[in-house]
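> Can you read through this structure? Questions will come right after.
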Amino acid sequence: MRRLCINLILFFSVLLLPWWALCIVILAAAALFRGLYEIIIWVFVADLLYGTKNDAWYGFPFVGTGIAAIAVFLIERVKNMTRFF
Amino acid sequence: MFRWGIVFVFAFFVWRFSAFTHFLEKALFSVAAPVWRAEGIVTKAVQSRAPLWKSKQSLVTQNGFLAEQNAFLRAELYVLPVLKKENEELKELLGRAESGSEALSARVLVRPGRSLYDTLILDRGGEDGVAVGDIITAYGDVALGTVERVYARTAVARLFSSPGESVEVILGEGGTPVIAEGVGGGAFTVSVPKGISVKEGDTVVFPAAEVALLGVVGAVESAPGASFQNVFFQFPINLYELKWVEVLMGGMPGSGIAPL
């Protein structure tokens, strides 16, 4: 149930929040929930909705997804190495 | 490990099959568009009640300021028909008459602040005649960007100010043709030789027949001894408060972007 709620929050955050607020929500969710890989999918959704094939990123339209995948991987690694989690 | 495997398989599908991505985009826009339209209605309702929370004194002050501004704009407006007529006559003389391309008003569902990509999402799409490559303008005079993706009732427009985007412009009173680069958030930068006279407040013109303006120079910087100066300019409108835009259907109007 909690997982469903956090996914709903992430969905509406993608649609309604500015990118910096979405980043805060995503980082908080990744820190609080174990193995929340859905984050990558939600950032992928954001990329599909808002993204463009931009020259600044060599025409790659899924920059956010790439960053999110790396961030989730690192956060999970840190959590595994930390006793607190 | 299994989860990462799913992610990689999914990424492979997205990378290799654009039809798969397009199908996903269409499905997402059909879900997201009603949410954005509802957001617009709620925001409008809240904003219409906002004056109730303001003090009487601030409203009186604001009213006085707006009345003064209105009088100034009315005075400016008298000159506009004369200038437009003169402009049309000059275009006819130069053999660049108005193309008569149709303009369509579109409500902005999503402004640039929502993503890092500097895109606008509009509430008009293929069913309304919007096509990829159509020019987006504010008030019909300020060029903003081009339509990049079109769905049934929505469209995604990329702003000329998107990071890495290059646009041909005519700079300053001297009419110097240059290629400006977008840096995001409605801002541009261009590097020109120091000999070219550019100052703060100069206009930057978009070289298409029916769209006049792209930006206004905000700052000019140059290091001592350098042979080039960096010119920073931005759209003359606030993108983050933009509610309506015009879509010039038929791509570049008139003769298109003039070769520089």
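Top line first, the protein sequences correspond to chains A and B. Numbering-wise (my numbering), the first sequence opens with residue 50 and increments by one. Numbering-wise (my numbering), the second sequence opens with residue 58 and increments by one. Just so you know, even glycine gets a beta-carbon here, dropped at the ideal spot from N, CA and C.
Taking the C-alpha atoms as reference points, what is the distance between I314 (chain B) and G183 (chain B)?
At I314 (chain B) the pLDDT is 41, less than 50, meaning the model places this residue with poor confidence; the figure from the coordinates comes in the next sentence. Whole-angstrom Cα-Cα distance: 24 Å.
> Would a C-beta distance cut-off of 8 Å place A214 (chain B) and G202 (chain B) closer than the cut-off?
Their beta carbons are under 8 Å apart, which means A214 (chain B) touches G202 (chain B) by this criterion.
> Using a Cβ-Cβ cutoff of 8 Å, what residues of the region 88-111 of chain B are near chain A? List them in chain order.
Flagged, chain order: A89, V92, W93 and E96.
> Residues of chain B with CB closer than 7 Å to the CB of L65 (chain A), please, in chain order.
Correct list: E96.
> If the cut is a Cβ gap below 8 Å, which residues of chain A does G182 (chain B) touch?
Per Cβ cutoff of 8 Å: no residues; G182 (chain B) is ~14 Å from chain A at best.
> Within 8 Å (strictly less), CB to CB, does M130 (chain A) reach chain B?
Closer than 8 Å: no.
> Out of B:N127, B:E146, B:A163 and B:F80, point me to the one whose CA is closest to V204 (chain B)'s CA.
Minimum Cα distance to V204 (chain B) is reached at B:A163.
> Which residues mark the beginning and the end of the beta strand (DSSP E) in which R168 (chain B) is found?
Careful: R168 (chain B) lies outside any beta strand (DSSP E) and carries neither H nor E.
> How is the alpha helix (DSSP H) around R215 (chain B) delimited, first residue to last?
Element bounds for R215 (chain B): not the alpha helix (DSSP H) but the beta strand (DSSP E), A212 to L216.
> Going by Cα to Cα distance, which pick from A:V74, A:L53, A:L98 and A:A120 is closest to S172 (chain B)?
S172 (chain B) has its Cα closest to that of A:L98, out of A:V74, A:L53, A:L98 and A:A120.
> Compute the Euclidean distance between the alpha carbons of V304 (chain B) and A283 (chain B), then round it to the nearest angstrom.
So the alpha carbons of these two residues sit roughly 41 Å apart.
> Measure the beta-carbon distance from R206 (chain B) to A212 (chain B) and round it to whole angstroms, keeping in mind my assumption that it falls under 8 Å.
Yes, they are in contact, since the Cβ atoms of R206 (chain B) and A212 (chain B) sit about 7 Å apart, within 8 Å.
> On the DSSP bridge assignment, give the partners of S162 (chain B) in chain order.
In the DSSP output, where bridge partners are listed per residue, S162 (chain B) has B:E303.
> Taking A95 (chain A) as the query, report the chain B residues whose CB atoms sit under 7 Å from its CB, ordered along the chain.
By Cβ distance, chain B contributes S172.
> Can you tell me whether DSSP reads E145 (chain B) as helix, strand or coil?
E145 (chain B): helix per DSSP, three-state reduction.
> How about A70 (chain A) and V92 (chain A): do their beta carbons lie closer than 8 Å?
Cβ distance not < 8 Å, so A70 (chain A) and V92 (chain A) don't count as in contact.
> Which residues of the region 214-236 of chain B have a Cβ closer than 9 Å to any Cβ of chain A? Give them in chain order.
The residues in question are R215, S219, P220, G221, E222 and S223.
> Chain B beta carbons: is any one of them nearer than 8 Å to that of W91 (chain A)?
It does not; no Cβ of chain B falls within 8 Å.
> Consider the Cβ of L81 (chain B): report whether some Cβ of chain A lies at a distance smaller than 8 Å.
By this cut-off, L81 (chain B) is an interface position.
> Please state whether DSSP places T101 (chain A) in a helix, a strand or coil.
Coil.
> Would L59 (chain A) count as contacting chain B if we go by Cβ distances under 8 Å?
With 8 Å as the cut-off, L59 (chain A) does not count as an interface residue toward chain B.
> Is it the case that the CB of A117 (chain A) approaches a heavy atom of the ligand HEM more closely than 7 Å?
Of ligands this structure carries none, so the ligand HEM is not represented either.
> Going along the chain, which residues of its own chain have a beta-carbon closer than 7 Å to the beta-carbon of T101 (chain A), five neighbours each way excluded?
Here the set comprises P110.
> Which two residues bound the contiguous alpha helix (DSSP H) that contains P91 (chain B)?
From DSSP, the alpha helix (DSSP H) with P91 (chain B) extends over S75 to R106.
> Taking 6 Å as the limit between beta carbons, can you name the residues of its chain near L317 (chain B), skipping five residues before and five after?
Any reading at L317 (chain B) must be qualified, since the residue scores a pLDDT of 37, below 50, and its modelled position is unreliable; the value itself is stated next. These residues qualify, in order along the chain: E225 and P234.
> Examine chain A for any beta-carbon lying closer than 8 Å to the beta-carbon of E298 (chain B), and answer yes or no.
It does not: the Cβ of E298 (chain B) has no partner Cβ on chain A nearer than 8 Å.
> Establish whether the CB of L201 (chain B) and some CB of chain A are separated by less than 8 Å.
Cβ-Cβ to chain A under 8 Å: no for L201 (chain B).
> Which whole-angstrom value is the C-beta distance of A195 (chain B) and I63 (chain B), which I expect to be below 8 Å?
Rounded, the Cβ-Cβ distance is 43 Å, inconsistent with contact.
> Ends of the alpha helix (DSSP H) at N129 (chain A)?
Where N129 (chain A) is concerned, the enclosing alpha helix (DSSP H) stretches over V112 to M130.
> Within the 8 Å Cβ cut-off, does L98 (chain A) reach chain B?
It does; some Cβ of chain B falls within 8 Å.
> Measure the Cβ-Cβ separation of L85 (chain A) and A77 (chain A) and say whether it is below 8 Å.
In this structure, A77 (chain A) does not lie closer than 8 Å to L85 (chain A) by Cβ.
> Below 8 Å on the Cβ atoms is my guess for D180 (chain B) versus L216 (chain B); work out the distance and round it to an integer in Å.
Contact doesn't hold; Cβ gap of about 17 Å is too wide.
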